[in-house]
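Positions in the sequence shown are counted from 1; adding 9 to them yields our numbering. We put the beta carbon where it would ideally sit given N, CA and C, even for glycine. If you're wondering where the values come from, they're calculated on a predicted model, not measured in any experiment. Everything on this sheet refers to the single structure shown next.
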Amino acid sequence: MRRLRVVCYAINGRGLGHLTRQLAIARWMRRYAEVLDVGLELWVLTSSEADTLARREGFPALKLPSKAMLRDAGVDLSRGLTIARAWVMQSVALLQPDLLIVDTFPGGTYGELLATLELAPKRALVARPVRANMAEDPGYSGLLPLYQTVLVPDDAGATVSSEPGGLGPILLREREELLPRDAARRALGVPEGQRAVWLSLGGGGDPAAMSTLPRLVDSLRGRGWHVVVAAGPLYDGVERRGEGVTWLDRYASMELLCGVDAAVSAGGYNAFHELMFAGVPTVFLPQPRVADDQEARVARAVAAGAARLARTLEDVPALLESPGDAAAARALVPRNGARDAAARLLSTLLPADDVARAAELLSPALLGSRSAQGMAPRQLLELARALSGDSPSQHAARRAGALDWIDRGLLHGEIPKDPPPAAPLLSLLGRFDTIGLPPERGAELVLGLRRRWPAATPMELYSAADTLLTAFVPFEDWGGAVALLRAMPSQRTWALASFADALSRWLTHERDLFDAQRSFVKVEGGGKRGLAESLALLADGGAATGHSAADDEPLL
Numbered sequence: 010m011r012r013l014r015v016v017c018y019a020i021n022g023r024g025l026g027h028l029t030r031q032l033a034i035a036r037w038m039r040r041y042a043e044v045l046d047v048g049l050e051l052w053v054l055t056s057s058e059a060d061t062l063a064r065r066e067g068f069p070a071l072k073l074p075s076k077a078m079l080r081d082a083g084v085d086l087s088r089g090l091t092i093a094r095a096w097v098m099q100s101v102a103l104l105q106p107d108l109l110i111v112d113t114f115p116g117g118t119y120g121e122l123l124a125t126l127e128l129a130p131k132r133a134l135v136a137r138p139v140r141a142n143m144a145e146d147p148g149y150s151g152l153l154p155l156y157q158t159v160l161v162p163d164d165a166g167a168t169v170s171s172e173p174g175g176l177g178p179i180l181l182r183e184r185e186e187l188l189p190r191d192a193a194r195r196a197l198g199v200p201e202g203q204r205a206v207w208l209s210l211g212g213g214g215d216p217a218a219m220s221t222l223p224r225l226v227d228s229l230r231g232r233g234w235h236v237v238v239a240a241g242p243l244y245d246g247v248e249r250r251g252e253g254v255t256w257l258d259r260y261a262s263m264e265l266l267c268g269v270d271a272a273v274s275a276g277g278y279n280a281f282h283e284l285m286f287a288g289v290p291t292v293f294l295p296q297p298r299v300a301d302d303q304e305a306r307v308a309r310a311v312a313a314g315a316a317r318l319a320r321t322l323e324d325v326p327a328l329l330e331s332p333g334d335a336a337a338a339r340a341l342v343p344r345n346g347a348r349d350a351a352a353r354l355l356s357t358l359l360p361a362d363d364v365a366r367a368a369e370l371l372s373p374a375l376l377g378s379r380s381a382q383g384m385a386p387r388q389l390l391e392l393a394r395a396l397s398g399d400s401p402s403q404h405a406a407r408r409a410g411a412l413d414w415i416d417r418g419l420l421h422g423e424i425p426k427d428p429p430p431a432a433p434l435l436s437l438l439g440r441f442d443t444i445g446l447p448p449e450r451g452a453e454l455v456l457g458l459r460r461r462w463p464a465a466t467p468m469e470l471y472s473a474a475d476t477l478l479t480a481f482v483p484f485e486d487w488g489g490a491v492a493l494l495r496a497m498p499s500q501r502t503w504a505l506a507s508f509a510d511a512l513s514r515w516l517t518h519e520r521d522l523f524d525a526q527r528s529f530v531k532v533e534g535g536g537k538r539g540l541a542e543s544l545a546l547l548a549d550g551g552a553a554t555g556h557s558a559a560d561d562e563p564l565l
């Protein structure tokens, strides 16, 4: 297995924005690598005080105190910056990444990356839009050529970026990963028939949020709204819990957004795009920021009919009665750019055709299927790999080798066909739904066949699985089906299709899979008989041995 290491640099203040974007990209890079059977080690360097969000998403993070934390702790800022520069350089030197991904600031928030970049053979910048005066500053624009890849996640409603690396806003969840409205409302504790409003002022670290959040809660919960407060992991002000209020303690609650009818929010990049992506009409309270023009961003949503602008807290309750249109909000952010960003970045390390194949397999249709949502992510990715066949580069190598052997007269016959499309995986997942097969059990069945017939092609695996699902349906015992297949020895000579047909013929005479397993174990005799012979005897009713499943003695 090929192994790669990627370091994600998300150092800028104590908030969530830089960290969330890096994690969104890292999730998709990990998915693609899993499908391609590539060992991908991803590390995060961050100054966010919400660094445990990385752990929640399954990534190791190295934490550096933010500038705000240094000030709060009374540490001399120049001393802290000297330590930070040395720490970043040492961390990258120790990790030795194949690719370094930097968010927003090409020179690093401490100016430390100029000496660090040369430690990574490949470098990419996720250049989130910033104010024009910053983008035109030579200290920013002059550093862009130091990166081989520059990706520009566009700001919703703005003129589409002319940069070759332009893509949609980068978000932590896909639309298919958002909970349906009813499920989200249950998770949020919203009473049936009551309007719900989402209240968020960013990650919670802004001092103004400490006074503003409680005031907004008090003004809204007495007006027929159930108030869902996403205070953020950095909030340490007064909490307003009680009847009519759900106070969220979670770091990433984007998947719950479909459970509310409207929102009140600051206009930060992440919160803005998450709310619009989920189709939540919003009353925005834009905040002043050095690099981020929240006013301009909110103005685009207002012009699109997706939001309203509040100048004061007192304006909010009235504006919430007509906050905007959900369809207009979704149209403003029609797609998440995280998967595209991950594919472009991984293509700097792996053949682009291979990554494109992984992206084709992990389509929105796949993520949106009920069976896919019922599986553990790693199990789904393993199933995708089993049914996808060779990657394009592997296929090209096999094809070239076959042509060489044909030229030398050492091989006669057909050269390998093109890799199969992604359709078999979606078809199989749809079959799981149709027959009521728990998706994790379905994956166990298919992956069990793969382990016992490692030489089977993806289409042979798909066809055999389809045959066996039909045979197992009448028993309504999927645990028994998995156990029976586990009792089958690995095969390298007998064709998988022949096995599936033989097992199906035998099972038409059986009434219980537990009894069937006992019969098989007795006839097979721990390897005394081959699999083909054992199934043939069982299909014939055990006439040659005088065996009958009904005559079995209990096995201890």
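Just verifying my parser: in three-state terms, what is the DSSP assignment at His27? Along the sequence shown, one-based indexing puts residue 27 at 18. Reduced to three states, the DSSP call for His27 is helix.
Is it right to say Asp301 is buried, meaning 16 or more other beta carbons lie within 10 angstroms of its own, or is it exposed? The residue labelled residue 301 in the question sits at position 292 within the sequence shown. Only buried fits Asp301, as 16 or more other CB atoms lie within 10 angstroms of its CB.
Residues that DSSP places opposite Thr55 in a beta bridge: Along the sequence shown, one-based indexing puts residue 55 at 46. The partner list for Thr55 (beta bridge, DSSP) reads Ala19 and Lys72.
Looking at Ser209 and Ala280, is the spacing between their C-beta atoms short of 7 Å? Start at 1 with the first residue of the sequence shown, and residue 280 comes out as number 271. Start at 1 with the first residue of the sequence shown, and residue 209 comes out as number 200. It is a contact, given that the beta carbons lie within the stated cut-off.
May I have the straight-line CA-CA distance separating Trp503 from Ala509, to the nearest angstrom? Counting from 1 along the sequence shown, the entry for residue 503 is found at position 494. Counting from 1 along the sequence shown, the entry for residue 509 is found at position 500. If you take the alpha carbons of Trp503 and Ala509, they lie about 11 Å apart.
Span of the beta strand (DSSP E), counted from its first residue to its last, around Ala566: An answer regarding residue 566 cannot be provided, because it is not within the stretch 10 to 565 covered by the chain.
Return the first residue and the last residue of the alpha helix (DSSP H) that Ala133 is part of. Here the question's residue 133 lines up with position 124 in the sequence shown. Where Ala133 is concerned, there is no enclosing alpha helix (DSSP H), although the beta strand (DSSP E) it sits in stretches over Lys131 to Val135.
Lys537: buried (16+ other C-beta within 10 angstroms of its C-beta) or exposed? Taking the sequence shown and counting its residues from 1, one reaches residue 537 at position 528. Exposed is the call here.
Under the three-state reduction of DSSP, which class applies to Ser378: helix, strand or coil? Position 369 of the sequence shown holds residue 378. Three-state result, Ser378: coil.
Report the CB separation of Leu284 from Ser274 in whole angstroms; it is logged as a contact under 8 Å. Position 275 of the sequence shown, counted from the first residue, corresponds to residue 284. Position 265 of the sequence shown, counted from the first residue, corresponds to residue 274. Rounded, the Cβ-Cβ distance is 6 Å, consistent with contact.
Here's a check: name, in chain order, each residue in its chain whose Cβ is nearer than 7 Å to the Cβ of Arg182, leaving out the five neighbours to either side. Translated into the one-based positions of the sequence shown, residue 182 becomes position 173. If we look at Arg182 and ignore the five residues flanking it on each side, its Cβ neighbours are Met263 and Glu264.
So is His235 buried or exposed if we call it buried at 16+ other beta carbons inside 10 Å? Position 226 of the sequence shown, counting from 1, holds the residue named residue 235. Burial call: buried.
For Arg194, the first and last residue of its enclosing alpha helix (DSSP H): The residue given as residue 194 occupies position 185 in the sequence shown. Residues Arg190 to Leu197.
Cα-Cα separation between Val237 and Asn21, rounded to whole angstroms: Here residue 237 refers to the residue found at position 228 of the sequence shown. Here residue 21 refers to the residue found at position 12 of the sequence shown. Cα to Cα, the separation comes out at about 28 Å.
For Arg94 and chain C, any beta-carbon pair shorter than 7 Å? Note that chain C does not occur in the displayed structure, where there is just one protein chain.
Pairing CB atoms from the region 512-528 with CB atoms from the region 478-486, are three or more of them under 8 Å? The region 512-528, when compared against the region 478-486, does touch it at the 8 Å Cβ threshold.
With a threshold of 6 Å on Cβ separation, who are the neighbours of Leu104 within its own chain once the five nearest residues in sequence on each side are excluded? For this step, residue 104 is matched to residue 95 along the sequence shown. If we look at Leu104 and ignore the five residues flanking it on each side, its Cβ neighbours are Val16 and Trp52.
Checking 7 Å against the spacing of the C-beta atoms, do Gly566 and Pro295 come in under that value? There is simply no residue 566 to check, as the chain begins at 10 and stops at 565 in what is shown.
May I ask you to verify whether the region 116-135 touches the region 146-159, counting CB pairs closer than 8 Å and requiring at least 3? Taking one beta carbon from each stretch, the region 116-135 and the region 146-159 have 3 or more pairs nearer than 8 Å; the two touch.
Does the Cβ-Cβ distance between Gly26 and Tyr244 come in under 7 Å? Along the sequence shown, read from residue 1 onward, the residue named residue 26 stands at position 17. Along the sequence shown, read from residue 1 onward, the residue named residue 244 stands at position 235. Not a contact, by the Cβ cut-off of 7 Å.
How about Asp349 and Leu176: do their beta carbons lie closer than 7 Å? The count along the sequence shown starts at 1 and reaches residue 349 at position 340. The count along the sequence shown starts at 1 and reaches residue 176 at position 167. Going by C-beta atoms, Asp349 is nearer than 7 Å to Leu176.
Which residues mark the beginning and the end of the beta strand (DSSP E) in which Asp112 is found? In the sequence shown, the residue the question calls residue 112 occupies position 103. Segment Leu108 to Asp112, the beta strand (DSSP E) holding Asp112.
Is DSSP giving Arg12 helix, strand or coil here? Indexing the sequence shown from 1 puts residue 12 at position 3. Strand, per DSSP.
Using 10 angstroms around the beta-carbon of Asn345, count the other beta-carbons present and answer buried if the total reaches 16, otherwise exposed. Within the sequence shown, residue 345 is the residue found at index 336, counting from 1. The residue in question, Asn345, is buried, as its Cβ has 16 or more Cβ neighbours within 10 Å.
Based on Cα-Cα distance, which residue from Phe286, Arg64 and Val44 lies nearest to Ala335? Walking along the sequence shown from the start, residue 335 turns up at place 326. Looking at the Cα atoms, Phe286 is the closest of the given residues.
Helix, strand or coil: which one does DSSP assign to Gly451? Within the sequence shown, the letter at position 442 stands for residue 451. The answer is helix: DSSP assigns Gly451 an H, G or I state.
I'd like to check one pair, Leu128 with Ala102: are the Cβ atoms closer than 7 Å? Start at 1 with the first residue of the sequence shown, and residue 102 comes out as number 93. Start at 1 with the first residue of the sequence shown, and residue 128 comes out as number 119. Result yes, Cβ atoms of Ala102 and Leu128 sit closer than 7 Å.
With Ala393 and Leu370 assumed to form a contact (beta carbons below 8 Å), what rounded beta-carbon distance in angstroms separates them? By one-based count along the sequence shown, residue 393 stands at place 384. By one-based count along the sequence shown, residue 370 stands at place 361. The Cβ separation is near 5 Å, so the contact holds.
Return yes when the Cβ of Val311 is within less than 7 Å of the Cβ of Leu322, no when it is not. Taking the sequence shown and counting its residues from 1, the one referred to as residue 322 is at position 313. Taking the sequence shown and counting its residues from 1, the one referred to as residue 311 is at position 302. Going by C-beta atoms, Leu322 is not nearer than 7 Å to Val311.
C-alpha gap between Ser228 and Gly202, whole angstroms: As a first step, residue 228 must be located in the sequence shown, where it is residue number 219. As a first step, residue 202 must be located in the sequence shown, where it is residue number 193. Straight-line Cα distance between these residues: approximately 20 Å.
Using CA coordinates, which residue listed in Ser472, Leu225 and Asp258 is at the minimum distance from Leu396? For the purposes of this step, residue 396 is taken as the residue at position 387 of the sequence shown. The candidate whose alpha carbon is nearest that of Leu396 is Ser472.
Same chain, Cβ closer than 6 Å to Gly198, neighbours up to 5 away in sequence not counted: Numbered from 1 along the sequence shown, position 189 holds the residue referred to as residue 198. Excluding residues within five positions, the ones whose Cβ falls inside 6 Å are Thr255.
Grouping DSSP H, G and I as helix and E and B as strand, with all else coil, what is Val159? For the purposes of this step, residue 159 is taken as residue 150 along the sequence shown, with counting starting at 1. Strand at Val159.
Simplified DSSP state of Thr91, which is helix, strand or coil: Translated into the one-based positions of the sequence shown, residue 91 becomes position 82. In this structure, Thr91 counts as helix in the three-state DSSP scheme.
Comparing alpha-carbon positions, which option in Arg194, Ala367 and Arg140 lies nearest Glu304? Along the sequence shown, read from residue 1 onward, the residue named residue 304 stands at position 295. Per the Cα distances, Arg140.
For Val364, report the span of its alpha helix (DSSP H) as first-last. For the purposes of this step, residue 364 is identified with residue 355 of the sequence shown, where counting begins at 1. It spans Ala361 to Leu370 - the alpha helix (DSSP H) in which Val364 sits, taken as one unbroken run.
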